[in-house]
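First the structure, in the form of structure tokens, and then the observations on it.
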Amino acid sequence: SHIYSEKSFITSQVFQLLTDLKEQRKESGKNKHSSGQQNLNTITYETLKYISKTPCRHQSPEIVREFLTAMKSHKLTKAEKLQLLNHRPVTAVEIQLIVEESEERLTEEQIEALLHTVTSILPAGPEAEQKKNTDDVTMDEEDPA
Amino acid sequence: MFVLVEMVDTVRIPPWQFERKLNDSIAEELNKKLANKVVYNVGLCICLFDITKLEDAYVFPGDGASHTKVHFRYVVFHPFLDEILIGKIKGCSPEGVHVSLGFFDDILIPPESLQQPAKFDEAEQVWVWEYETEEGAHDLYMDTGEEIRFRVVDESFVDTSPTGPSSAEATSSSEELPKKEAPYTLV
Chain A
1 SHIYSEKSFI TSQVFQLLTD LKEQRKESGK NKHSSGQQNL NTITYETLKY
51 ISKTPCRHQS PEIVREFLTA MKSHKLTKAE KLQLLNHRPV TAVEIQLIVE
101 ESEERLTEEQ IEALLHTVTS ILPAGPEAEQ KKNTDDVTMD EEDPA
Chain B
1 MFVLVEMVDT VRIPPWQFER KLNDSIAEEL NKKLANKVVY NVGLCICLFD
51 ITKLEDAYVF PGDGASHTKV HFRYVVFHPF LDEILIGKIK GCSPEGVHVS
101 LGFFDDILIP PESLQQPAKF DEAEQVWVWE YETEEGAHDL YMDTGEEIRF
151 RVVDESFVDT SPTGPSSAEA TSSSEELPKK EAPYTLV
């Protein structure tokens, strides 16, 4: 085969695709060609399992669109925005890991603003949700979605 | 962490599948060929995204199957340089810390990339980060099953296609991602 081009594909879309594929295959019943489908089954199952534990699992296309629009003012690279989606950082340290040379490019206020955009638009990942339920949460005025 | 790769390939559909919808047969054949396989210099193939173009199908003399040239896009796992990922520690060896994502296993953090100072505990077969504070040293163990955050600094594709009768048996090509700098997050 020949390869023409490669472009990045956001994780939440992979999650959606694999979830749809799983539904489709369930509906069509036991595939009599299933001997050749074992690899697809394995990789689909494992990849879904992995993404399910990340914040990407709750990122609908609308949420992603809203996030990317809000990101326009922050002047980050595509790779940095992708990682913000993948990780949904909640601390300044995490932002500094993701944004290259953040000390030069972002002031403390800008980091705070970025954190606010990230945490207000992107839903928390499954583990963060779990943690939130067990921690003492004192400051949330907003109702959980 | 994932990419969409545009590819072209010829798909062979055996006659007993002719009654099925062409696109379904093609999708199945492409997934059979690529899913969960590493394509050299591309990455680990996950699943078909879509078929963008089908050229005419041909039947060749001596082979009753139809051959169709297909343009399609495939979802591939291929993290970019410097990307940060979270995985689980599979185990430790003198070579370093072995990390897995579940669907992809060949990730190695070599000793020089671990938070220093680090030492290998022979008895427990585990890497230890000797974290110094004013109160003294705390040993943080890279235990199997623990979550670990790491940055991709390098990748290597090995072409393991058969080279001839003298070579060892063909195994699927593997992609290794030597890593560095693990901000170690314990959950």
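The listed protein sequences derive, respectively, from chains A and B.
Heads up: the first sequence runs through residues 1 to 145, numbered per the UniProt record's numbering.
Heads up: the second sequence runs through residues 1 to 187, numbered per the UniProt record's numbering.
Where is the CB? At the ideal position from N, CA and C, for every residue including glycine.
So what's V81 of chain A in DSSP terms, helix, strand or just coil? Counted from its first residue, the first sequence places residue 81 of chain A at position 81. Per the sequence shown, residue 81 of chain A should be read as Lys rather than Val. In this structure, K81 of chain A counts as helix in the three-state DSSP scheme.
Whole alpha helix (DSSP H) elements within the UniProt domain "RNA polymerase Rpb4/RPC9 core" (7-125) of chain A, 4-residue minimum: 11-27, 38-52, 61-71, 78-87, 92-98, 102-105 and 108-121
Starting from E6 of chain B, trace the beta strand (DSSP E) both ways and give me its first and last residue. For the purposes of this step, residue 6 of chain B is taken as the residue at position 6 of the second sequence. Its beta strand (DSSP E) spans residues F2 to I13.
Shorter than 8 Å from the beta carbon of F80 of chain B to some beta carbon of chain A? Stepping through the second sequence from its first residue, residue 80 of chain B is reached at position 80. Cβ-Cβ to chain A under 8 Å: yes for F80 of chain B.
Taking the beta strand (DSSP E) that K88 of chain B belongs to, which residues open and close that run? As a first step, residue 88 of chain B is located in the second sequence; it is residue number 88 there, counting from the start. Per DSSP, K88 of chain B belongs to the beta strand (DSSP E) from I84 to S93.
Under the three-state reduction of DSSP, which class applies to S166 of chain B: helix, strand or coil? If you number the second sequence from 1, residue 166 of chain B lands on position 166. Reliability of the predicted coordinates at S166 of chain B is poor, the pLDDT of 40 falling under 50, and the value obtained from them is presented with this limitation in mind. Note: S166 of chain B maps to coil in three-state DSSP.
Taking Cβ positions, are Q110 of chain A and L85 of chain A nearer each other than 8 Å? As a position in the first sequence, residue 110 of chain A is number 110, starting the count at 1. As a position in the first sequence, residue 85 of chain A is number 85, starting the count at 1. It is not a contact, given that the beta carbons lie outside the stated cut-off.
Where does E19 of chain B fall in DSSP's three states? Your numbering for residue 19 of chain B matches position 19 in the second sequence. If DSSP states are grouped into helix, strand and coil, E19 of chain B belongs with coil.
Around the Cβ of D106 of chain B, are there at least 16 other Cβ atoms within 10 angstroms (buried) or fewer (exposed)? Translated into the one-based positions of the second sequence, residue 106 of chain B becomes position 106. The residue in question, D106 of chain B, is buried, as its Cβ has 16 or more Cβ neighbours within 10 Å.
K49 of chain A at chain B interface by Cβ criterion, 8 Å: Here the question's residue 49 of chain A lines up with position 49 in the first sequence. Yes, contact with chain B.
Amino acids of chain A, ordered along the chain, whose beta-carbon sits closer than 7 Å to that of F2 of chain B: Along the second sequence, read from residue 1 onward, the residue named residue 2 of chain B stands at position 2. By Cβ distance, chain A contributes F9, T11 and V14.
Among B:C47, B:G136 and B:Q125, which has the Cα closest to the Cα of V97 of chain B? Sequence index remark: in the second sequence, residue 97 of chain B carries index 97 (1-based). If we check each option's Cα against that of V97 of chain B, B:Q125 comes out closest.
Residue range of the beta strand (DSSP E) that E130 of chain B falls in? By one-based count along the second sequence, residue 130 of chain B stands at place 130. Residues V126 to T133.
D139 of chain B by DSSP, collapsed to three states: which one? For the purposes of this step, residue 139 of chain B is taken as the residue at position 139 of the second sequence. If DSSP states are grouped into helix, strand and coil, D139 of chain B belongs with the strands.
Run through chain B and tell me which residues come within less than 8 Å of T102 of chain A, C-beta to C-beta. What you label residue 102 of chain A is simply residue 102 of the first sequence in a count that begins at 1. The amino acid at residue 102 of chain A is misidentified as Thr; the sequence shows Ser. Under the 8 Å cutoff, chain B gives no residues; its nearest Cβ is about 13 Å from S102 of chain A.
Keeping to the same chain, check which residues put their C-beta closer than 8 Å to that of H74 of chain A; ignore five residues upstream and five downstream. As a working mapping, residue 74 of chain A is identified with position 74 in the first sequence. Result list for H74 of chain A: Q110, A113, L114 and T117, in chain order.
Minimum Cβ-Cβ distance from V5 of chain B to chain D less than 8 Å: Looking for chain D here will not work: the only protein chains present are A and B.
Contacts that G36 of chain A makes with chain B (C-beta to C-beta distance below 7 Å): Translated into the one-based positions of the first sequence, residue 36 of chain A becomes position 36. Near G36 of chain A (Cβ distances below 7 Å), the residues of chain B are K32.
Per-residue DSSP class, three states only, for D50 of chain B: Position 50 of the second sequence, counted from the first residue, corresponds to residue 50 of chain B. Three-state DSSP puts D50 of chain B in a strand.
For C92 of chain B, which of B:L30, B:T144, B:H67 and B:I148 has the nearest alpha-carbon? Here residue 92 of chain B is taken as the residue at index 92 of the second sequence, counted from 1. Comparing Cα positions, the closest option is B:T144.
Tell me the rounded alpha-carbon separation between Y45 of chain A and T77 of chain A. The residue given as residue 45 of chain A occupies position 45 in the first sequence. The residue given as residue 77 of chain A occupies position 77 in the first sequence. One C-alpha to the other measures close to 31 Å.
From this set, B:T133, B:L81 and B:N41, which residue's C-alpha is nearest Y4 of chain A's C-alpha? Within the first sequence, numbered from 1, the residue matching residue 4 of chain A stands at position 4. Closest option to Y4 of chain A, Cα to Cα, is B:N41.
Give me the Cβ distance between I46 of chain B and T47 of chain A, rounded to the nearest whole Å; I'm assuming they're in contact under 8 Å. For the purposes of this step, residue 46 of chain B is taken as residue 46 along the second sequence, with counting starting at 1. For the purposes of this step, residue 47 of chain A is taken as residue 47 along the first sequence, with counting starting at 1. Yes, they are in contact, since the Cβ atoms of I46 of chain B and T47 of chain A sit about 6 Å apart, within 8 Å.
Counting contacts by CB-CB distance shorter than 8 Å, is T44 of chain A in contact with chain B? As a first step, residue 44 of chain A must be located in the first sequence, where it is residue number 44. By this cut-off, T44 of chain A is an interface position.
In this structure, does DSSP put D24 of chain B in helix, strand or coil? For the purposes of this step, residue 24 of chain B is taken as the residue at position 24 of the second sequence. Three-state DSSP puts D24 of chain B in a helix.
In its own chain, which residues sit with a C-beta less than 7 Å from the C-beta of E66 of chain A, not counting the 5 before and 5 after it? Your numbering for residue 66 of chain A matches position 66 in the first sequence. Contacts found: I121.
When you compare only the Cα positions, how much space is there between E169 of chain B and N31 of chain B? In the second sequence, counting from the first residue as 1, residue 169 of chain B sits at position 169. In the second sequence, counting from the first residue as 1, residue 31 of chain B sits at position 31. Because E169 of chain B sits at a pLDDT of 35, beneath the cut-off of 50, its placement in the model cannot be relied upon, and the following sentence gives the value as read from the coordinates. Distance between the alpha carbons of E169 of chain B and N31 of chain B: 24 Å.
Distance CB(R20 of chain B)-CB(D50 of chain B) smaller than 8 Å: On the second sequence, position 20 is the one that residue 20 of chain B refers to. On the second sequence, position 50 is the one that residue 50 of chain B refers to. Cβ atoms of R20 of chain B and D50 of chain B: not closer than 8 Å.
Once the 5 residues before and after L101 of chain B are set aside, which same chain residues still bring their CB inside 6 Å of it? By 1-based counting over the second sequence, the position of residue 101 of chain B is 101. Closer than 6 Å at the Cβ level, and outside the excluded window around L101 of chain B, lie G87.
Classify L34 of chain B as helix, strand or coil using the three-state DSSP reduction. Within the second sequence, numbered from 1, the residue matching residue 34 of chain B stands at position 34. Correct three-state label for L34 of chain B: helix.
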